[in-house]
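Q: Pasting in a structure now, in structure tokens, and then I'll have a few things to ask.
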Amino acid sequence: MIKHYNCLLFVLLFSWLAPAGAQNYTPVKNLVAFKSLFSSKSAAINSLKSDFVQEKSISMLENKIISEGSFIYRKSNRLRLEYRKPYTFLFIMDNDRVTIKNSQQTSSVSASSNKLYKMISQLTINCVTGNVLNSKEFDVDVFENARAYFLVLKPRQNMLKSLFDRINIFISKNDFTVDRLELMETSGDKTTLVFTDKKINIPVDDEVFKVN
Amino acid sequence: MMRFLRLISCMILFWLAPGILAAQSLLPGLYNSTDSLGLYSIDIEINSSHFSGLLLLKKMNDSTIRLVMNSEMGPKLVDLELMPSGFRVLYAFPKLNNRRTLRILYEDFGALAGIFARNRCTKVETRQDTTDYSYVAGKKMKVIYSTGGSSQKISSGRLEEGKGARALFCYVFTPGSDQVSSMKLEHQQFRMIISLTRI
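As structure tokens, then:
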């Protein structure tokens, strides 16, 4: 009995210490005020340019697959994700048109015809624009510490549920842009995108969203 | 009676072994490599649709190869265990999660990865400078690997269903090495092309 009691105590102590110790995030008290602030700050972002490092952890692999590239967003629905290392892959969303270019070929489809691309690009844009907080596709919990907000998105839709257990988004309190995005898959695999060298509201040419 | 059965078994093994061993030692890349892990960029064209992503092939043991296909930007789409006599679905994206699609993926990637070479080698045929090795790949399916030119490496193959070719495939090797640098498989009865390039 004492043994069981000790085990229970240890589990309770660990579950209490782990999240607090790792991140020091506490729930945001005034969610309405946060939403309003986040929306107004995001609305002021007309364009965003940054580099990113993507780490993909696959349960069967000891090492992570690390790729690098650049990210460009321009209001209201234009996105360019370019992977440069260790493979080349270009994803461009220009309103409803998605163009993909890899080492083999280039293809262009309507975003609405490809659910997966639509979902990923929409999620990325929603994070940048702040719409993610009002999304009907996720339940959102918001936490904060001194430097950042931490959003936990739990999918409501079946298709999203089959892919993701949850999505973690870390937003800088300095400029209200995404520092880090974690896609936690139902299989236990995880993809992390870390955005660096962010430049806000610099001119972004139309040509950026075209494939040569 | 037992001695007689053992003798027959030994004779069958003696008769089959040279063909099997000859073919297995020639199989490319993944199958015999000590570094059995292969990470590839993958490109699939199906009719007018196009998909690209990352493909991971890992030899788990002598009779199992794990296949994981991811989109470049994140989530896993397919996770299968390929075995000589069948496959196990560990995960499949809902749109891909139907028996026919998964069966096609199993047969195509099973052939490319060489898992069917664990089955019985049914025929070894030599013509000029090419040797064909046939293996069972299902009830009505067989896979035939062919050596090419003077290298004696397996350089191409085909999946046959009944008498017709269902898919043709080929391997490209890194110069001066036994490592496969790229593979391509093309279906003959409908438009589907799989291209893999090692990362």
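Protein chains in written order, with my numbering: chain V, 127 to 338; chain P, 58 to 256.
Positions of the beta carbon are idealized from the N, C-alpha and C atoms, including for glycine.
Quick caveat: nothing in here was measured; it's all calculated off a predicted structure.
1. Hey, how far is the Cα of Lys-299(V) from the Cα of Asn-327(V)?
2. Just tell me which of Arg-273(V), Lys-182(V), Tyr-243(V) and Ser-183(V) has its CA closest to the CA of Leu-207(V).
3. With 7 angstroms as the limit, tell me which residues of the region 308 to 325 of chain V have their beta carbon closer than that to any beta carbon of chain P; keep them in chain order.
4. Taking CB distances under 8 angstroms as the criterion, tell me whether Pro-153(V) reaches chain P.
5. Out of Arg-215(P), Ser-234(P), Gly-219(P) and Met-249(P), point me to the one whose CA is closest to Gly-167(P)'s CA.
6. Looking only at its chain, what residues have a beta carbon closer than 8 angstroms to the beta carbon of Ala-194(P), apart from the 5 residues adjacent to it on each side?
7. With distance defined between alpha-carbon atoms, name the residue in Leu-124(P), Ser-109(P) and Glu-102(P) nearest to Lys-115(P).
8. Between Arg-255(P) and chain V, is the shortest Cβ-Cβ distance under 8 angstroms, so that the two count as touching?
9. Given that a residue counts as buried once 16 or more other Cβ atoms are within 10 Å of its Cβ, and exposed if not, what is Lys-336(V)?
10. Using 8 angstroms for Cβ pairs, my map puts Ser-120(P) next to Met-140(P). What's the rounded Cβ distance?
11. Going by DSSP, name the residue or residues bridged to Glu-217(P).
12. For a contact defined as C-beta to C-beta under 7 angstroms, what are the partners of Gly-131(P) on chain V?
13. DSSP puts Met-310(V) in a beta bridge; with which residues?
14. Could you tell me which chain P residues have their CB closer than 7 angstroms to the CB of Arg-228(V), listed as they occur along the chain?
15. Pull up the distance between the alpha-carbon of Asp-265(V) and that of Leu-157(V), whole angstroms please.
16. Give me, in chain order, the residues of the same chain whose beta-carbon lies closer than 7 angstroms to that of Asp-100(P); leave out the 5 immediate sequence neighbours on both sides.
17. With DSSP run on the structure shown, which of helix, strand or coil describes Lys-241(P)?
18. Under the three-state reduction of DSSP, which class applies to Val-337(V): helix, strand or coil?
A: Looking at the coordinates:
1. Within the first sequence, the letter at position 173 stands for residue 299(V). Within the first sequence, the letter at position 201 stands for residue 327(V). Cα to Cα, Lys-299(V) sits roughly 17 angstroms from Asn-327(V).
2. The residue given as residue 207(V) occupies position 81 in the first sequence. Among Arg-273(V), Lys-182(V), Tyr-243(V) and Ser-183(V), the Cα nearest to that of Leu-207(V) belongs to Tyr-243(V).
3. Taking 7 angstroms as the Cβ-Cβ cut-off, the region 308 to 325 of chain V approaches chain P at Leu-309, Glu-311, Ser-313, Asp-315 and Thr-317, given in chain order.
4. Locating residue 153(V) in the first sequence gives position 27, counting from the first residue. No, no contact with chain P.
5. Numbered from its first residue, the second sequence carries residue 167(P) at position 110. Taking the Cα of Gly-167(P) as reference, the smallest distance to any Cα among Arg-215(P), Ser-234(P), Gly-219(P) and Met-249(P) is reached at Arg-215(P).
6. For the purposes of this step, residue 194(P) is identified with residue 137 of the second sequence, where counting begins at 1. Excluding sequence neighbours, Ala-194(P) sits near Glu-164, Gly-167, Ala-168, Phe-173, Asn-176, Val-200 and Leu-216.
7. On the second sequence, position 58 is the one that residue 115(P) refers to. Among Leu-124(P), Ser-109(P) and Glu-102(P), the Cα nearest to that of Lys-115(P) is on Leu-124(P).
8. Position 198 of the second sequence, counted from the start, is the residue given in the question as residue 255(P). No, no contact with chain V.
9. For the purposes of this step, residue 336(V) is taken as the residue at position 210 of the first sequence. With fewer than 16 Cβ atoms within 10 Å of its Cβ, Lys-336(V) is classed as exposed.
10. The residue you call residue 120(P) lines up with position 63 of the second sequence. The residue you call residue 140(P) lines up with position 83 of the second sequence. The beta-carbon separation of Ser-120(P) and Met-140(P), rounded to 6 angstroms, stays under the 8 angstroms limit for a contact.
11. Here residue 217(P) is taken as the residue at index 160 of the second sequence, counted from 1. Lys-199(P) and Ala-222(P), per the DSSP bridge assignment.
12. One-based indexing of the second sequence puts residue 131(P) at position 74. Residues of chain V passing the Cβ test: Ile-246, Leu-309 and Thr-317.
13. Along the first sequence, read from residue 1 onward, the residue named residue 310(V) stands at position 184. In the DSSP output, where bridge partners are listed per residue, Met-310(V) has Arg-292(V) and Lys-316(V).
14. Position 102 of the first sequence holds residue 228(V). Note that residue 228(V) corresponds to Asn in the displayed sequence, not to Arg. By Cβ distance, chain P contributes Ser-98, Asp-100 and Ser-109.
15. Within the first sequence, numbered from 1, the residue matching residue 265(V) stands at position 139. Within the first sequence, numbered from 1, the residue matching residue 157(V) stands at position 31. Rounded to the nearest angstrom, the two C-alpha atoms are 13 angstroms apart.
16. Stepping through the second sequence from its first residue, residue 100(P) is reached at position 43. The answer, listed in chain order, is Ser-109 and Ser-252.
17. Position 184 of the second sequence, counting from 1, holds the residue named residue 241(P). If DSSP states are grouped into helix, strand and coil, Lys-241(P) belongs with the strands.
18. As a first step, residue 337(V) must be located in the first sequence, where it is residue number 211. Correct three-state label for Val-337(V): coil.
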